[in-house]
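Chemist: In the working numbering, the protein residues as written are 3 to 93. Below is one structure. I have some questions about it.
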């Protein structure tokens, strides 16, 4: 691995910014994975209804910032809705 040898101060600053953004993006991606796992494991309609707006919000923000592609966001939201509708029909 090549050591961080920046030529000027702005390059050093970009490295610092990239490190912070990379760490934040990793946290958000992990949060999305946990949220999707939780949405899939929901067993009753009421808890699914409560989780859906929060999940949609997180996914939309991640797509807006470019963390996940917009169509991936749409697919995740569709799967969450499909799961919630199946719970509604089952009860």
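Every residue gets a Cβ at the ideal spot worked out from N, C-alpha and C, and that includes glycine.
Enumerated in chain order, which unbroken segments of the alpha helix (DSSP H) with a length of 4 residues or greater are wholly contained in the segment 29-70?
Modeler: Whole alpha helix (DSSP H) segments, 4+ residues: 47-66.
Chemist: Going by DSSP in three states, residue 74 sits in which element: helix, strand or coil?
Modeler: Position 72 of the chain shown, counted from the first residue, corresponds to residue 74. DSSP places residue 74 in helix when its eight states are reduced to three.
Chemist: Helix, strand or coil, according to DSSP, for residue 8 in the structure here?
Modeler: Here residue 8 corresponds to residue number 6 of the chain shown, with the count starting at 1. Coil at residue 8, not helix or strand.
Chemist: Are the beta-carbon atoms belonging to residue 22 and residue 69 less than 9 Å from one another?
Modeler: As a position in the chain shown, residue 22 is number 20, starting the count at 1. As a position in the chain shown, residue 69 is number 67, starting the count at 1. The answer is no: Cβ separation not under 9 Å.
Chemist: Keeping to the same chain, check which residues put their C-beta closer than 6 Å to that of residue 50; ignore five residues upstream and five downstream.
Modeler: Against the chain shown, residue 50 aligns to sequence position 48. Answer for residue 50: 44, 86, 89, listed in chain order.
Chemist: State the CB to CB distance for the pair residue 75 and residue 64, rounded to an integer number of angstroms; the pair is presumed to be in contact (CB under 8 Å).
Modeler: Walking along the chain shown from the start, residue 75 turns up at place 73. Walking along the chain shown from the start, residue 64 turns up at place 62. Correct: roughly 7 Å between the Cβ atoms.
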